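Below is one structure, written out as structure tokens; the observations come after it.
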Amino acid sequence: MAPGETLGVVGETGSGKSTLAKAILGVLPSNATVKGELVFRETLLTQMNDETLRKLRGKDIALIFQDPMTRLNPLMTIEDHFVEEIQAHESVSAEEARSRALEALVSMGIHESRIKNYPHEFSGGMRQRIMIALALVLNPSLLVADEPTTSLDVIVEAQILEILQDLRRVYKMSLLLITHNLGIVAEVCDRVVVLYAGKVAELGPVREIFHRPLHPYTQGLLASIIHLETKELHSIDGSPPDMVTPPSGCRFHPRCPYMQSICVKTVPPLVEFSPGHFAACHFGEKFL
Amino acid sequence: MIGVSEEVTPGEVNLLRVQEVEVHFPVKMPLIQQLVSREKQVVHAVDGVSFDLRRGEILGLVGESGCGKTTLGRTILRLLEPTSGRIFFEGRDISHLSQSKLRPLRRRMQIIFQDPHASLNPAMTIGRAIGHPLQIHGIVRDAEELRRAVLEIMGEVGLTPEDQLYDKYPGDLSGGQKQRAVIARAMILDPKLLVVDEGVAMLDMSVRAKVLELMLSLKQRYGLTYIFITHDLATAKFLCDRIAIMYLGRIVELGPAASIYAEPKHPYTQALLQVIPIPDPDKRRKKILPRGEVPDAIHLPAGCRFHTRCQSVLPTCGWEGRDFIELLDEYLSSISVAANEKEVLGSIEEWWAKGFGAGRKIDEKDPQKLVEKVKDILTKALPAMARAVQSVELKGDSVIVQFRTPDQLLRTSVANDTVECLLYQQSNSTVPH
Amino acid sequence: MGTDNVGRDVLSRVVWGARTSLEIMAIGVLIALAIGFPLGLLSGYVAGKLDRVLVLIMDSVYAFPGLLLAALIAAVIGKGVFNIGIAITVIYIPLYFRVTRNQTLSVREEPYVEAARALGARPLTVMFSYIAHSSIIAIPVIFSLSSADAILTAAGLSYLGLGLEVDTPGDWGRDLSDAQQFIGVGIWWTSLFPGLMIILLTIGLSFLGEGLNDIINPILRKERT
Chain V
21 MAPGETLGVV GETGSGKSTL AKAILGVLPS NATVKGELVF RETLLTQMND ETLRKLRGKD
81 IALIFQDPMT RLNPLMTIED HFVEEIQAHE SVSAEEARSR ALEALVSMGI HESRIKNYPH
141 EFSGGMRQRI MIALALVLNP SLLVADEPTT SLDVIVEAQI LEILQDLRRV YKMSLLLITH
201 NLGIVAEVCD RVVVLYAGKV AELGPVREIF HRPLHPYTQG LLASIIHLET KELHSIDGSP
261 PDMVTPPSGC RFHPRCPYMQ SICVKTVPPL VEFSPGHFAA CHFGEKFL
Chain X
185 MIGVSEEVTP GEVNLLRVQE VEVHFPVKMP LIQQLVSREK QVVHAVDGVS FDLRRGEILG
245 LVGESGCGKT TLGRTILRLL EPTSGRIFFE GRDISHLSQS KLRPLRRRMQ IIFQDPHASL
305 NPAMTIGRAI GHPLQIHGIV RDAEELRRAV LEIMGEVGLT PEDQLYDKYP GDLSGGQKQR
365 AVIARAMILD PKLLVVDEGV AMLDMSVRAK VLELMLSLKQ RYGLTYIFIT HDLATAKFLC
425 DRIAIMYLGR IVELGPAASI YAEPKHPYTQ ALLQVIPIPD PDKRRKKILP RGEVPDAIHL
485 PAGCRFHTRC QSVLPTCGWE GRDFIELLDE YLSSISVAAN EKEVLGSIEE WWAKGFGAGR
545 KIDEKDPQKL VEKVKDILTK ALPAMARAVQ SVELKGDSVI VQFRTPDQLL RTSVANDTVE
605 CLLYQQSNST VPH
Chain U
2 MGTDNVGRDV LSRVVWGART SLEIMAIGVL IALAIGFPLG LLSGYVAGKL DRVLVLIMDS
62 VYAFPGLLLA ALIAAVIGKG VFNIGIAITV IYIPLYFRVT RNQTLSVREE PYVEAARALG
122 ARPLTVMFSY IAHSSIIAIP VIFSLSSADA ILTAAGLSYL GLGLEVDTPG DWGRDLSDAQ
182 QFIGVGIWWT SLFPGLMIIL LTIGLSFLGE GLNDIINPIL RKERT
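Protein chains in written order, with my numbering: chain V, 21 to 308; chain X, 185 to 617; chain U, 2 to 226.
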């Protein structure tokens, strides 16, 4: 990810996108084995000890979830949340922490007077805004958003997306947006990664992905979107992959309309078919 | 008037008639509060809904959460009892029938719930679950016949291989398969009306189309009538013949799907259409979003319920004391306003709102200053709100802001749609309450 | 294991005592289950006034010290294996009631239960085909644990002389009571072995309960996700 860019990670059930988010934040369950490298600004995240990772988390990398209540403590006021967050990473007085909290809240469109309220006194949309404000109060350079608007209504979702985009401009922050909703990816993202069965199927600039998808899975996914101009319904045959015993070769082959014998035998490499546009398909160039 | 027909012979064309149905839930209050407060608080989940459903049509109930669409769906099926109003199913008034009288009717109307992962009994095999309705209604004679009927319907909904899946438990199935099982279970009784509550929202996008196609093909084959409850306008447009847009318990617009989308009349419909994300990066556009959030369903806004957020609001839409307090609260909370400015107004707790008025007791030497300040704030408010103010004056020991009474909201026919919005009402004269 | 003061073989008494204890336990706990389970199911499902009344009754019984209550009941209905069984039943009904009711309450709001109603299922069908299963899973654990407790209660009753007829073959509690007076003169076997048996059976049943819990709880948790 480049500084200041918005990268969308798209996937459905079994794609591994949520696990990826947890891996970046270092909150995987203890029985997980991690291979490969996660590099943040030249530092190897996967090699870090818990203490350094904790300092990094919140300060440089922030995370927001689908359900704000997994982040918000029902027994603490909003003000307390902020003060705790700020003081955990910076040595400032409670006074200063409080005034920064106020600033952050008001910039999210929440009344000053509500800073002493408890999470349950806010609606779902407002809680999501609080969670975003909490994530941003320390000026992180990377915000990881895991399905941030999935449980929200369309109008609130639009409000939140607008906020995310404004903030991105103002704070010059990078945004990793994990979602299954291709509509919001088209609205907000610069580049897109499409995941299938735990592997990257396709990666590229947003226009390329939407207008010239190279991987049959991406093509199928785009075709199955129901939007206002939809005249016909399309879906992808078959069911989500079994992640305990995934299909051999290209994991998408059981569902792919273009499958050939090579797809069953060999795992397709991720190839750059056009500048910045990668796909893991033996026949990627056919779709150029 | 489109939408509610009084003259049609019951049972002929309309499978279902819903007339001014209200479903209110009492708010649970602690005993002390119950004794102290005089008014009984209710959640106005559904607050006066009327429509007819023709045989063979697909009606969409579209709205955000809290609009009452789910409650309405359940009430139509009599899983809930309406607080007032009438429901006619196949010409018969089912509004207050007892559960035992409703039982035989249940064969003719069924519901598909939102979450396929929670709609199946984890202790029953798929085969047994799908066949259970036949046992409940005593339709089959023996186990042999039951099994045959279940396998047949499983084949029809695409739950194959039937023999293998028959003995599996819900936990062994994928989301799409579970939803098919739920559909099979509902269909095995051969219902005439199917209420689908967000039937595909919780499924992966690549699987949704299959389930929707199944629903359409079942409709063709069995002459089903659907009520499709959803918040997803795009799916509703594709699937439905007519669409009812709901907001805070009422239908604000009702009409053929094509015309709702081509020419949305109600500002809320317009807002909803605008925010649908378009899956094309070249089509990004700036959106005009409604202000604020959905008000709670216990203390409904006066006049038109959408007036607190409407982008096309008029002075006659229902401005009331509470709206002024809201404005004041925002003003007093704003960092950019100087402290001495706020001092004149006092703290928000000193202000009260009642009906179409708001005010506070004065305690300073120059009450006129307060009146001037209030008028000043109003100039910064929405023009519609400012023009709705009847007076700001000193009355006795208080300063009172009084709004004009709003115009009465009526259901109006505009082109092919029925809309409930003052923008489309001819007369603008105030109707006394 | 030696003989007691009137020449009876302690080992035989201990073995017969096991039979008696298990009989009492079986009657007591099984009837408690047969009454508590359906009542809990009904109360949880129907809610409202019936539920409140039942909960009030059950909580009152539950709050009463078990042994004392059993003693009172035994005093009223008289001695004998069956009667002691009944006395013990009363103590454990609230336990089964509670567990079943709690499970019922949590399952009641699940979509598949509402779906059952929408299909036209009668309340009894909904209760037994759609709700009962989650409680049934929890029952074996409760069964073992309350059985362990029942043994102790039964022994306690006999110890107090409230339990069984004097000539009932094998009565651990009574034997303990009789053996008390001989401890001073150094006769330890008449009290040790019955006491040891009570402990062993109680611990054994407790372990059974814990073990069952370890097996069953993951199943319950998996079901909920």
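Don't be surprised by glycine CBs; every beta carbon is placed ideally from N, CA and C. Quick caveat, the model's predicted, so the values are computed rather than measured.
With contact defined as three or more Cβ pairs closer than 8 Å, the stretch 35-52 of chain U and the stretch 79-99 of chain U are in contact.
Contacts between H415/X and chain V, judged by CB atoms closer than 7 Å, involve D173 and V174 in chain order. By the rule that beta-carbons nearer than 8 Å mark a contact, R118/U touches chain X. DSSP, read as helix, strand or coil, puts K538/X in strand. Taking a cut-off of 8 Å on C-beta distances, the stretch 255-266 of chain V touches the stretch 22-36 of chain V, as three or more cross pairs fall below it. Check the Cα spacing between L400/X and each of I242/X, L417/X, A313/X and I509/X: the tightest is with I242/X. With a threshold of 16 other beta carbon atoms within 10 Å, D176/U meets it and is buried. When 8 Å is used as the limit between beta carbons, P317/X is near these residues of chain U: L120 and G121, in chain order. Using a Cβ-Cβ cut-off of 7 Å, Y46/U is close to nothing in chain X; its nearest Cβ partner there is about 14 Å away. Among the residues of the stretch 5-24 of chain U, none has a Cβ less than 7 Å away from any Cβ of chain X. Listed in chain order, the positions of the stretch 335-363 of chain X with a beta carbon within less than 8 Å of a beta carbon of chain V are S358, G359, G360 and Q361. Beta-bridge partners assigned by DSSP to S294/V: H297/V. Taking each of A370/X, W535/X, L423/X and E504/X in turn and checking the Cα distance to S575/X, the smallest one comes out for E504/X. With respect to I150/V, P88/V sits close: the two C-beta atoms are nearer than 8 Å. Excluding five sequence positions before and after K362/X, the CB atoms of its chain that fall closer than 8 Å to its own CB belong to P300, H301, S303, L304 and P354, given in chain order.
By the rule that beta-carbons nearer than 8 Å mark a contact, T255/X does not touch chain V.
Close CB contacts of V366/X within its chain, under the 8 Å cut and outside five residues either way in sequence, are with I296, F297, P300, S303 and L304 (chain order). Within the DSSP bridge table, the entry for Q203/X names R270/X as partners.
One finds E115, R118 and A119 in chain U with Cβ atoms closer than 9 Å to the Cβ of L263/X, taken in chain order. Sequence-distant partners of L200/X (beyond 5 residues in either direction) whose C-beta falls short of 6 Å from its own C-beta, in its chain, are L237 and F273.
The Cβ atoms of L473/X and I152/V lie no closer than 8 Å to each other. For L69/U, the closest alpha carbon among the candidates L153/U, Q181/U and I184/U is that of L153/U.
Taking all protein chains shown into account, M430/X has 16 or more neighbouring C-beta atoms within 10 Å of its C-beta and is therefore buried. In the DSSP assignment, T265/V falls outside any beta strand (DSSP E) and carries neither an H nor an E. Taking 8 Å as the threshold, the shortest C-beta distance from T105/U to chain X does not fall below it. In terms of Cβ geometry, S207/U and L146/U form a close pair [threshold 8 Å]. By the Cβ neighbour-count rule, Q104/U is buried, with 16 or more other Cβ atoms within 10 Å of its own. Interface flag for M386/X against chain V is unset, since no Cβ pair is found closer than 8 Å.
The contact set of D299/X on chain U, defined by CB atoms closer than 9 Å, consists of P112 in chain order. The shortest C-alpha to C-alpha distance from E604/X to any of E510/X, P451/X and K559/X is the one to P451/X. Boundaries around G45/U are those of the alpha helix (DSSP H), V11 to V47, since no beta strand (DSSP E) includes it. Beta bridge pairing from DSSP links Y431/X with R434/X. Collapsing the DSSP output to three states places F412/X in a strand.
Each residue's CA atom was taken as its position, placing N600/X and S282/X some 38 Å apart. In summary, T414/X is buried, with 16 or more beta-carbon neighbours lying within 10 Å of its beta-carbon over all protein chains present. Proximity of S133/V to chain X, defined by a Cβ-Cβ separation below 8 Å, is satisfied.
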